[in-house]
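Heads up: the sequence shown at position 115 corresponds to 116 in my numbering, and the numbers run straight through without jumps. Glycine residues also receive a C-beta, built at the ideal position from the N, C-alpha and C atoms. Just below is one structure, and these are the notes that go with it.
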Amino acid sequence: MKNFLLTFFFILTVLMLIASVFDYTEKMDDFTEKNAPLVGLIFDYYMNFIIFYGNMFSPLLIFIAVIFFTSKMASRTEIVAILSSGVSFYRLLWPYFLAASFLVFVSLAFNHYAVPHANKVRIAFEEAYFKIAFRNHDKEIHKRIGPNDLTYFESYNAQSDIGYKFTLESWEDGDLVFKLRSDYAQFDSSKQMWTVHNYVKRYINGEDERIEKGLEMDTSLNLHPSEFEQRLEYTTQMMTTPELNEYIEDEMKSGSENVPFHLIEKHQRTAIPFSTFIMVLIGVSISSRKTRGGIGAHLAVGLLIAVSYVFIAKVSTVYATNAGLPPFIATWIPNIVYAILGIYIFRLAPK
């Protein structure tokens, strides 16, 4: 167990250092131009960079560590000696799963609480010293701005504070009583109001309807441009799970179409760490047999499995966001598929 954990942390450290060097090389000009402080660069950015990406890729790195460590044992015929002494393959797995349990517990704690805090600090540093002005490319944006009031933008440009194909609806007892449509609405920061252009207003009272048209009109809305300026993925990445749950409830009440994205983020925080158990099972099973190709052959097979796992995970999340697949099921499908694969490979492993 100790040697396995040391192997994992060694691989994690090396890869995170390499990733940090590549990241700094890419962003060096921006950091230099904007005089990013060295202390902030190390402790605010790169320390949290390592926490975020290290935790994100930890199941795959654990998988690689398992294959590397077990393959070395197999190449020295240690696995054969252990099994020949009467130790079952189940017993051989016990130290691996004990170590995996520790790593899963740490990863869960990080995913739900530590990583969101680290992301707040890291992203704030990025926005201050690297990121260019943000453009919101969301489409079909729905916002509830009151108990009976709904707004809609076909698209929104966060740089110019302009929302295109703007609609405002007011409802009473399930009936539409007012509707405002305009080509676009722009926020006026000096007035703290929205200006609608080429608008049409409809006042509806049963079968009676009154229509007003105009070129330009100021209107006050319970809606601020800052609500559009945050990156969707950054919004959820910076929230602890209790905060994310509250945010999801608010988004559901407002009729937001981004709810599946938020639910995927929530469920992945648990599903991804638990994939560690599956990766350990598969890793030990495929690398415990001594082969002619040695560690290289085992790593090649492991890499193929890892890539296919990521591919299935991406496909399932696309189905969740675009085809109506429940986010909970989408995030757990890769684990279910590879758990079945792991059990099958385990049954073929040397006993």
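Can you give the Cα-Cα distance for Leu349 and Arg290, rounded to whole angstroms? Walking along the sequence shown from the start, residue 349 turns up at place 348. Walking along the sequence shown from the start, residue 290 turns up at place 289. Those two C-alpha atoms are separated by around 10 Å.
Proximity of Ile273 and Val260 at Cβ, strictly below 8 Å: The residue labelled residue 273 in the question sits at position 272 within the sequence shown. The residue labelled residue 260 in the question sits at position 259 within the sequence shown. Not in contact: Ile273 and Val260 (Cβ atoms no closer than 8 Å).
Please classify Trp195: is it buried, with 16 or more other beta-carbons within 10 angstroms of its beta-carbon, or exposed? Position 194 of the sequence shown, counted from the start, is the residue given in the question as residue 195. Result: buried.
Alpha carbon to alpha carbon, how far is Gly256 from Phe90? Indexing the sequence shown from 1 puts residue 256 at position 255. Indexing the sequence shown from 1 puts residue 90 at position 89. Cα atoms of Gly256 and Phe90: separation of roughly 52 Å, rounded to the nearest angstrom.
Return yes when at least one heavy atom of the ligand PLP lies under 7 Å from the C-beta of Val308, else no. The model on display carries no ligand, and the ligand PLP is accordingly not part of it.
Cβ pair Gly164, Ala129 closer than 8 Å: One-based indexing of the sequence shown puts residue 164 at position 163. One-based indexing of the sequence shown puts residue 129 at position 128. Contact flag unset, no.
Excluding the 5 residues preceding and the 5 following Pro335 in the sequence, name in chain order all residues of the same chain whose CB lies nearer than 6 Å to its CB. Counting from 1 along the sequence shown, the entry for residue 335 is found at position 334. In chain order, Tyr310, Ile313 and Ala314 place their CB closer than 6 Å to the CB of Pro335, counting only its own chain and leaving out the 5 sequence neighbours on each side.
CB of Val122 within 8 Å of CB of Phe275, strictly: The count along the sequence shown starts at 1 and reaches residue 122 at position 121. The count along the sequence shown starts at 1 and reaches residue 275 at position 274. Not a contact, by the Cβ cut-off of 8 Å.
Within this structure, are the beta carbons of Glu258 and Glu141 separated by less than 8 Å? Here residue 258 refers to the residue found at position 257 when the sequence shown is read from its first residue. Here residue 141 refers to the residue found at position 140 when the sequence shown is read from its first residue. Yes; because the gap between Cβ atoms is below 8 Å, this pair is in contact.
Compare the C-alpha of Leu181 against each of Leu13, Gln193, Val197 and Asp174 and name the closest. Counting from one through the sequence shown, the residue named residue 181 turns up at place 180. Out of Leu13, Gln193, Val197 and Asp174, Val197 has the C-alpha closest to the C-alpha of Leu181.
Kindly identify the DSSP beta-bridge partner or partners of Glu170. In the sequence shown, residue 170 corresponds to position 169, counting from 1. In the DSSP output, where bridge partners are listed per residue, Glu170 has Leu151 and Lys180.
Can you give the Cα-Cα distance for Leu94 and Val316, rounded to whole angstroms? For the purposes of this step, residue 94 is taken as the residue at position 93 of the sequence shown. For the purposes of this step, residue 316 is taken as the residue at position 315 of the sequence shown. If I take the Cα positions, the gap works out to 31 Å.
Enumerate in chain order the residues of its own chain whose CB-to-CB distance from Gly284 is below 7 Å, with the five nearest sequence positions on each side excluded. Indexing the sequence shown from 1 puts residue 284 at position 283. The residues are Phe64, Val67, Ile68, Thr71 and Gly303.
In terms of alpha-carbon separation, which member of Ala301, Phe10 and Ala324 lies closest to Ala100? Counted from its first residue, the sequence shown places residue 100 at position 99. The option with the nearest alpha carbon to Ala100 is Phe10.
Within 10 Å of its beta-carbon, does Asn56 have 16 or more other beta-carbons around it, so buried, or fewer, so exposed? Along the sequence shown, read from residue 1 onward, the residue named residue 56 stands at position 55. By the neighbour-count rule (16 or more Cβ atoms within 10 Å), Asn56 is buried.
Would you grab the beta carbon distance between Val116 and Phe53 for me? Rounded to a whole angstrom, and I think it's under 8 Å. Taking the first residue of the sequence shown as position 1, residue 116 is located at position 115. Taking the first residue of the sequence shown as position 1, residue 53 is located at position 52. Val116 to Phe53, Cβ: 6 Å. Contact.
Spatially closest choice to Ser59 from Asp150, Gln193, Phe167 and Leu109, by CA coordinates: Counting from 1 along the sequence shown, the entry for residue 59 is found at position 58. It is Leu109.
Would a C-beta distance cut-off of 8 Å place Ala331 and Tyr320 closer than the cut-off? For the purposes of this step, residue 331 is identified with residue 330 of the sequence shown, where counting begins at 1. For the purposes of this step, residue 320 is identified with residue 319 of the sequence shown, where counting begins at 1. Less than 8 Å separates the beta-carbon of Ala331 from that of Tyr320.
Indicate the three-state DSSP secondary structure (helix, strand or coil) for His299 in the structure shown. Residue 299 sits at position 298 when you count from the first residue of the sequence shown. Looking at His299 - three-state DSSP - the assignment turns out to be helix.
Assign Asp45 to buried or exposed, taking buried as 16 or more other Cβ atoms, counted over all protein chains shown, within 10 Å of its Cβ. As a working note, residue 45 is residue 44 in the sequence shown. Buried, since its Cβ has 16 or more Cβ neighbours within 10 Å.
7 Å CB neighbourhood of Tyr97 in its chain, flanking five on each side removed: Here residue 97 refers to the residue found at position 96 of the sequence shown. Closer than 7 Å at Cβ, skipping near neighbours: Phe5, Val67, Val281 and Val285.
Coarse secondary structure for Ala340, derived from DSSP in three states: In the sequence shown, residue 340 corresponds to position 339, counting from 1. Reduced to three states, the DSSP call for Ala340 is helix.
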